[in-house]
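Asker:
In my numbering, the protein residues as written are 8 to 316.
1. Express the C-alpha separation of residue 157 and residue 147 in angstroms, rounding to a whole number.
2. With distances taken Cα to Cα, identify the nearest neighbour of residue 166 among 130, 243 and 194.
3. In the DSSP assignment, the beta strand (DSSP E) including residue 181 goes from what residue to what residue?
4. Going straight from the alpha carbon of residue 271 to that of residue 171, what length do you get?
5. Could you please give me the residues that DSSP links to residue 224 through a beta bridge?
6. At the level of alpha carbons, what is the spacing between residue 99 and residue 253?
7. Using the C-alpha atoms, what's the distance from residue 94 back to residue 66?
8. Which of the three DSSP states is assigned to residue 240 in this structure?
9. Check whether the stretch 111-125 and the stretch 221-229 touch, using three or more Cβ-Cβ pairs below 8 Å as the test.
10. Is it a yes or a no for the stretch 128-136 touching the stretch 173-189, going by three-plus beta-carbon pairs under 8 Å?
11. In terms of alpha-carbon separation, which member of 33, 206, 238 and 24 lies closest to residue 71?
12. Note down, one range per segment and in chain order, each alpha helix (DSSP H) of at least 4 residues found wholly within the stretch 19-48.
13. Which residue or residues does DSSP assign as beta-bridge partners of residue 196?
14. Mind checking who residue 358 pairs with in its DSSP beta bridge?
15. Distance, Cα to Cα, residue 217 vs residue 78?
16. Across which residues does DSSP place residue 168 in a beta bridge pair?
17. Just curious, the alpha helix (DSSP H) that residue 209 is in, first and last residue?
18. Using C-beta distances below 7 Å, list every residue in its chain close to residue 106, excluding the 5 sequence neighbours before and after it, in chain order.
19. Let me check understanding here. Comparing Cα to Cα, which of 42, 234, 249 and 29 lies closest to residue 206?
20. On the DSSP letters alone, give me the boundaries of the alpha helix (DSSP H) that residue 98 sits inside.
21. Please determine, among 150, 211 and 97, the residue with the shortest C-alpha to C-alpha distance to residue 260.
22. Can you tell me which of the three DSSP states residue 135 falls into?
23. In this structure, how does DSSP classify residue 190 when only helix, strand and coil are distinguished?
24. Please list, in chain order, all residues of the same chain as residue 177 whose beta carbon is under 6 Å from its beta carbon, the five residues on each side excluded.
25. How long is the line joining the alpha carbons of residue 331 and residue 245, rounded to whole angstroms?
26. Out of curiosity, what's the CA-to-CA distance linking residue 109 and residue 102?
27. Which residue comes first and which comes last in the alpha helix (DSSP H) that contains residue 206?
Structure below.
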């Protein structure tokens, strides 16, 4: 009896089976994916997420993915608990960290995010889709940068302050006419100019070393230098060909398919949750050199959309 009192049996919170309880419409609203999509993502990372033992009622891979998708959809870990999935706040945090790492392992990123250099038929297909938009020939991608707000890092803090005076990572994105992401670079501080990121990227080498055949090019805004493979607008176009070029180019340069609010206060920093006067640090996300959370948060839907069709 004394031994039982010294080692009381732990009571674990009952966990809901969200995939069985909610309809596809409800799942899409809450997690941005339907049942098929959630299971597809879970199967991609199941081996990385499975608990090595069955002790203490381990959190299932499906539940870890659900908590992570909820966090990515809301930016707040507290929302993951509000679903009453069962796990405690520390378990939620650990599960999200583990899932983000699993989703952004190099072989998985390379499988779904890759620029189609040397694949001439794929380049021709992309160029054809862009030409249907506004008649602009040879376009194989739109390049742009977006600033993702982050917690102020301890090291090199000033380098992460962008021109709008908040801390961010400047993420380079290239996407095609169907908004499929072809290239992501998510490691540069917010003070870094878009042109510098391209200059230091492998993408530039693909074009300059003719891995992408001449005649194909990217579209960029006036923040980029004009190059044979990177077409930018005329700043003061003359009537006629220059004005027509700008019009066609503007129609072809689709808006960046990522949320980048003008008011940074509209979105909490990646890795931070505001809960009254308390700020919860979500370690392992904001301070990673490859910005794992950024890749997962802003690319996951576009990356997997083709497969989910």
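The C-beta atom is built at its ideal place from N, Cα and C for all residues, glycine as well.
These numbers were taken from a predicted model, which means no experiment stands behind them.
Answerer: Concretely, from the data shown:
1. The count along the chain shown starts at 1 and reaches residue 147 at position 140. The count along the chain shown starts at 1 and reaches residue 157 at position 150. Spanning the two alpha carbons is a distance of roughly 31 Å.
2. Here residue 166 refers to the residue found at position 159 when the chain shown is read from its first residue. If we check each option's Cα against that of residue 166, 194 comes out closest.
3. If you number the chain shown from 1, residue 181 lands on position 174. Segment 175-182, the beta strand (DSSP E) holding residue 181.
4. Locating residue 271 in the chain shown gives position 264, where the first residue counts as 1. Locating residue 171 in the chain shown gives position 164, where the first residue counts as 1. Note on residue 271: pLDDT 47, under 50, position unreliable in the model; no value is reported.
5. As a working note, residue 224 is residue 217 in the chain shown. Beta-bridge pairing links residue 224 to 146.
6. Walking along the chain shown from the start, residue 99 turns up at place 92. Walking along the chain shown from the start, residue 253 turns up at place 246. Taking the straight line from one Cα to the other gives about 49 Å.
7. Mapped onto the chain shown, residue 66 falls at position 59. Mapped onto the chain shown, residue 94 falls at position 87. Residue 66 and residue 94: Cα-Cα distance of roughly 8 Å.
8. By 1-based counting over the chain shown, the position of residue 240 is 233. In this structure, residue 240 counts as coil in the three-state DSSP scheme.
9. no
10. yes
11. As a first step, residue 71 must be located in the chain shown, where it is residue number 64. When each option's Cα is compared against that of residue 71, the closest is 24.
12. 25-28 and 31-38
13. On the chain shown, position 189 is the one that residue 196 refers to. In DSSP, residue 196 forms a bridge with 176.
14. Residue 358 lies beyond the range of the chain shown here (8 to 316); nothing can be said about it.
15. If you number the chain shown from 1, residue 217 lands on position 210. If you number the chain shown from 1, residue 78 lands on position 71. Their Cα atoms are separated by approximately 41 Å.
16. Sequence index remark: in the chain shown, residue 168 carries index 161 (1-based). Its beta-bridge partners are 174.
17. Counted from its first residue, the chain shown places residue 209 at position 202. First-last of the alpha helix (DSSP H) with residue 209: 209-215.
18. The residue you call residue 106 lines up with position 99 of the chain shown. Answer for residue 106: 52, 56, 71, 72 and 75, listed in chain order.
19. Along the chain shown, one-based indexing puts residue 206 at 199. When each option's Cα is compared against that of residue 206, the closest is 234.
20. Sequence index remark: in the chain shown, residue 98 carries index 91 (1-based). Unbroken alpha helix (DSSP H) run through residue 98: 96-110.
21. Taking the chain shown and counting its residues from 1, one reaches residue 260 at position 253. Closest option to residue 260, Cα to Cα, is 150.
22. Against the chain shown, residue 135 aligns to sequence position 128. Reduced to three states, the DSSP call for residue 135 is helix.
23. Translated into positions along the chain shown, residue 190 becomes position 183. Residue 190: strand per DSSP, three-state reduction.
24. Here residue 177 refers to the residue found at position 170 of the chain shown. So the list reads 152, 154, 195, 197 and 199, once near-sequence residues are dropped.
25. Beyond the ends of the chain as shown, which are 8 and 316, falls residue 331; an answer cannot be given.
26. The residue labelled residue 109 in the question sits at position 102 within the chain shown. The residue labelled residue 102 in the question sits at position 95 within the chain shown. Their backbone Cα atoms lie some 10 Å apart in a straight line.
27. Mapped onto the chain shown, residue 206 falls at position 199. Per DSSP, residue 206 belongs to the alpha helix (DSSP H) from 201-206.
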